[in-house]
Amino acid sequence: MKSNILLRLHKITKKFPGVIAVNNVDFELKEGEVHGIIGENGAGKSTLIKIITGVYQPDSGEIFLNNSSVKFHNPVVAREHGIAAIYQEPVIFPDLNVTENLFMGHYKVGSKFRKVSWKYMHEEAKRILESLGVDIDPRSSVKGLSVGKLQIIEIAKALTINTRILIMDEPTSALTYHETEELFDIVRTLRKRGTTFIFISHRLDDIYKIADRVTILRDGRYITTKKVTEVKKDELIQLMVGREVSNLFPKLDVKIGEEILKVENLECLGKFRDISFTLHAGEILGFAGLVGAGRTEVAEALFGIDPPDEGKIWVNNREVSITSPVEAMSLGIAYLPEDRQSHGLLLTMSILKNITLPSLKRHAQKGWIDGKAERKTAEEYSGMLDVKARDVFQSVSQLSGGNQQKVVLAKWLAIEPKILILDEPTKGIDVGSKAYIHSFMSELASQGVGIIMVSSELPEIIGMSDNIVVMHEGRITKYIPRSEANEESVLKAAINE
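Quick note on this note's numbering: the sequence shown kicks off at 524 and runs consecutively.
As C-alpha cells, this is what we get:
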C-alpha cells in the first residue's frame, strides 16, 4: 500500500444551532487504503462525510487533496475532484433502467444535435458492471433487484465519474451475509485498481474484515486512528463510548414463566406458511434468517398489520383473531418495526407526541387531552430509556438514530405490553445504544414481558435469545435452544443446509 496522503482534513469545525457537530477534527486518508470511521450516533461521522462531499462547508479548518488546499462548495465540485459517496439506502430511480441510473445527472451527449448517446452509455455501463464481476443487463429495470445488487449499482454509478475516493456509509446494514461478502470482494478489487475508500459502519466485524485503518470519533471530536490489526474490539468500543462497555449482550438469567402466546400453522399466502411456535413470559425468542425469509411478515401478522390467511393464535390460552394493530394492542401486544423513520416515528412531531400517541386514551378526559398527564408520561418513559434530548418537546427528527430507536421503544412501553415484538431493534445504531437497549430488553424479560426479537445480526440473536426460531423462504427450518446455539448452526439453518 502507498503511504502518501491523498486527503487531509486539518482542524475542521462545523457548528449548528446549539451544537458543535464536528470540533477541531484532523483526519488523514492514505492513497489505496480502506479507512474505517466509527463512533456512536452523534459522534460527527455523517457531518464529516457531508463536509468531504461538499454538502456542508466547514466553519473553520482546511481540506487538502494531494497536498493542495481545496474547497468543496457543493457536491458537484467534490465529484469533479473524484469524490463520491454511497449510503445505507441506495439512491435509485426504480422506474428507470440500470444505465439511466448509472449516468443520472451526467448523460453522455453527442456533438451532433446534442442527442443522448445511448449506445455509448449502454456499452460503458456493461463494461463497468463486468469489471465488477456482476451479471446485470444495463437495459433492464432496477425494479425488483435485491438491496445487494442496488448497492453494486451505486458503486458502478460512482465509477462513471472516475471516482478516486469512494465513501461508503453503512453499506452492509440491509445486506445478507453473502451479499456483504460480494460487496467486500468488489471493494478489494477496486482497491487493487487504485480506488481509496472511507468505510463507515456500526458493525465492527465489517471494519475488521475490510479496513486497513480505523478512525474513532466521539462527541464531534477526533479520538485516535489505529491499524485494525493492532487494536482489539473491546478497545475500539471503549474508545467510541468513552467508557468500558462490560457486556454488549447483558442477558439476565430469567425464570421462564407460563405460555402467553401460541401460534399454530400460521400462513400468509406468498409470504410464509406452517409457522408454529410458543412464547412464554420472560422469554426472549429470537427469529433468525436471511433477508426475505419471512420473519418481518410473521411479526406484522401477529400485530395485525397484514393478518394471516390461515392458522390459529392464542394469547394467554385464549384463541384470538388479530385483524388490526388496535386489536393487537388491546391484547397487550406491541410492535417496534424495522424501519423506525418510516413506520415507527412521526418525524415532524415532538418526542412527547410520539411517545404518547398509542396511549392517548389514557390521557383523555371527556374528549380533551390532559397535557400535564401526557407530559408526565413522556418524561417518565424518555427518562427510563435515557433519551438524550433538550426536553420532550424537541422534534424526533433532530435526534440521533439510537435516541430515535429509544423513543419508538418508549412509546410502546407506555402501553405496558405483555408481548413485545422487536424487528431489528438495534439496526443502524451505535454500540453504546445497542448495549443499553439489550440491557433494557433483559430487564423487561425479568419483569415477565415476552419478547420476540427479529434480528439479522447473529451475535445479537445468540447473545440475547433464550430460544431461536430460524426461517428460510417462509418456513421454519429449525428451533434452537440457547444451550445449543452458535453462529454455524444458525447460519446453516438459515440457508437450509
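We put the CB at the ideal spot given by N, CA and C, even for glycine.
Nothing here was measured: the structure is a model prediction, and the numbers come from that model.
Using the rule of at least 16 other Cβ atoms within 10 Å of the residue's Cβ for burial, across every protein chain shown, is residue i buried or exposed?
i: Thr712; result: exposed
i: Val972; result: buried
i: Arg841; result: exposed
i: Val992; result: buried
i: Glu1010; result: exposed
i: Arg716; result: exposed
i: Lys525; result: For Lys525, the pLDDT reaches just 46, beneath the cut-off of 50, and the residue's location in the model is therefore unreliable, leaving the point undetermined.
i: Tyr616; result: Tyr is not the amino acid found at residue 616; the sequence shown has Phe there. With fewer than 16 Cβ atoms within 10 Å of its Cβ, Phe616 is classed as exposed.
i: Ser589; result: The sequence given here places Asn at residue 589; Ser does not occur at that position. It counts as exposed.
i: Leu775; result: exposed
i: Arg913; result: exposed
i: Gln888; result: exposed
i: Ile892; result: exposed
i: Glu623; result: buried
i: Gly793; result: exposed
i: Thr900; result: buried
i: Phe595; result: buried
i: His725; result: buried
i: Leu922; result: buried
i: Lys638; result: exposed
Taking the CB atoms as reference points, tell me whether residue i and residue j lie closer together than 8 Å.
i: Thr518; j: Ile651; result: One cannot answer for residue 518 here, as it falls past the ends of the chain, which runs 524 to 1020.
i: Asp735; j: Glu556; result: yes
i: Asp797; j: Arg998; result: yes
i: Met987; j: Gly809; result: yes
i: Glu782; j: His803; result: yes
i: Val954; j: Glu551; result: no
i: Leu625; j: Ile709; result: no
i: Ala1017; j: Pro940; result: no
i: Ala816; j: Met994; result: yes
i: Glu705; j: Gly743; result: no
i: Leu727; j: Leu698; result: no
i: Phe722; j: Arg714; result: no
i: Phe707; j: Ile733; result: yes
i: Leu945; j: Lys929; result: no
i: Val764; j: Ile730; result: no
i: Gln611; j: Glu693; result: yes
i: Leu529; j: Ile688; result: yes
i: Ser664; j: Asn620; result: yes
i: Ser873; j: Val838; result: no
i: Ile586; j: Val578; result: no
Going by DSSP, which residues form a beta bridge with residue i?
i: Lys876; result: According to DSSP, Lys876 bridges with nothing at all.
i: Val993; result: Ala811, Lys1001
i: Leu625; result: DSSP lists no partner for Leu625.
i: Ala607; result: Leu689
i: Tyr745; result: Leu740
i: Val977; result: Phe810, Asp946
i: Lys537; result: Val545
i: Ala857; result: Leu943
i: Asn620; result: Ser664
i: Gln970; result: Gln970 pairs with nothing; no bridge assigned.
i: Gly559; result: Phe722, Val737
i: Lys553; result: Ile528
i: Ile892; result: Ala887
i: Val843; result: Ile836
Tell me, to the nearest whole angstrom, how far the beta carbon of residue i is from that of residue j; I am working on the premise that it is less than 8 Å.
i: Gly559; j: Val737; result: 4 Å
i: Lys934; j: Pro881; result: 6 Å
i: Val919; j: Leu981; result: Actually they are not in contact, since the Cβ atoms of Val919 and Leu981 sit about 30 Å apart, beyond 8 Å.
i: Ile974; j: Leu943; result: 5 Å
i: Leu740; j: Ala958; result: In fact, because the Cβ distance is near 18 Å, the residues do not count as touching under 8 Å.
i: Arg818; j: Val977; result: 5 Å
i: Ala681; j: Pro661; result: Not really, about 16 Å apart at Cβ, beyond 8 Å.
i: Gly584; j: Lys534; result: 4 Å
i: Glu753; j: Cys791; result: No, Glu753 and Cys791 are not in contact; Cβ-Cβ is about 50 Å, not under 8 Å.
Leaving out the 5 sequence neighbours to the left and right, which residues in its chain are closer than 6 Å to residue i when beta-carbon positions are compared?
i: Gly805; result: Val777, Ile779, Gly780, Ala968, Gly971
i: Glu823; result: Asp829
i: Ala608; result: Thr576, Ile690
i: Ala851; result: Phe826, Gly827, Ile845
i: Lys666; result: Pro617
i: Asn527; result: Glu554
i: Gly924; result: Asn564, Gly951, Ile952
i: Ala544; result: Lys537, Gly567, Thr570, Gly743
i: Val657; result: Ile675
i: Thr747; result: Ile739
CB-CB under 8 Å to residue i, same chain, minus the five flanking residues each way: which ones, in chain order?
i: Gln864; result: Leu870, Gln927
i: Pro613; result: Val670, Leu673, Gln674, Ile676, Glu677
i: Tyr904; result: Ile878, Ala933, Lys934, Leu936, Ala937
In chain order, what residues of the same chain have a beta carbon less than 7 Å from the beta carbon of residue i, not counting five sequence neighbours either side?
i: Glu897; result: Leu875, Thr879, His886
i: Gly867; result: Leu859, Pro860, Val931
i: Ile1056; result: In the structure displayed, the chain extends from 524 to 1020; residue 1056 sits before or after that span and is not available.
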